[in-house]
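Trainee:
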Amino acid sequence: MAYFVYILASRKNGTLYTGVTNDLARRVWEHREKHTSGFTSRYGVSLLVYYEIHEDVTAAIHREKRIKKWSRAMKIRMIETMNPDWEDLYETLNS
1 MAYFVYILAS RKNGTLYTGV TNDLARRVWE HREKHTSGFT SRYGVSLLVY
51 YEIHEDVTAA IHREKRIKKW SRAMKIRMIE TMNPDWEDLY ETLNS
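Heads up: the sequence shown begins at 1 in UniProt numbering, then just goes up one per residue.
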């Protein structure tokens, strides 16, 4: 089973949220539809700007925790390496 570490943003260089899931499309949809109360709903964080795949949940959780400790500048550099235009990657998940 695949596990995903992902970053959502409110807009380019906006508020960032880092999470982990085993179903990326479903989880991003939940954030977009505000099925989760909390940070992402409160700050309008719904654009999928970065994700990576891990083969086991332990590695994914470890990576998520490491990214959450990074500075904002480090997170932005990582996002811009994969997605320099900060495009919403959600639509690419099912194609």
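All C-beta atoms in this analysis are idealised placements derived from N, C-alpha and C, irrespective of residue type, glycine included. These figures come from a predicted structure and were not determined experimentally.
Among the candidates Val-57, Asn-13 and Arg-66, whose CA atom is the shortest distance from the CA of Val-45?
Mentor: Asn-13
Trainee: Quick check: the stretch 23-38 against the stretch 54-68, are there 3 or more CB pairs under 8 Å?
Mentor: no
Trainee: What's the C-alpha gap between Tyr-43 and Met-1?
Mentor: 31 Å
Trainee: Would you call the CB atoms of Ile-79 and Tyr-50 closer than 8 Å?
Mentor: yes
Trainee: Let me know if Asn-94 comes out buried or exposed under the rule of 16 or more other beta-carbons within 10 Å of its beta-carbon.
Mentor: exposed
Trainee: What residue range does the beta strand (DSSP E) around Leu-16 cover?
Mentor: 16-21
Trainee: In angstroms, rounded to a whole number, what distance separates the CA positions of Leu-48 and Leu-8?
Mentor: 5 Å
Trainee: What would DSSP say about His-35, mapped onto helix, strand or coil?
Mentor: coil
Trainee: Check the C-beta distance from Val-28 over to Tyr-90 and give it rounded, since I have them as a contact under 8 Å.
Mentor: Tyr-90 and Val-28 do touch by the CB rule: their CB atoms are close to 5 Å apart, below 8 Å.
Trainee: For the beta strand (DSSP E) that residue 108 lies in, which residues bound it at each end?
Mentor: Because the chain is modelled from 1 through 95, residue 108 falls outside the range shown and cannot be assessed.
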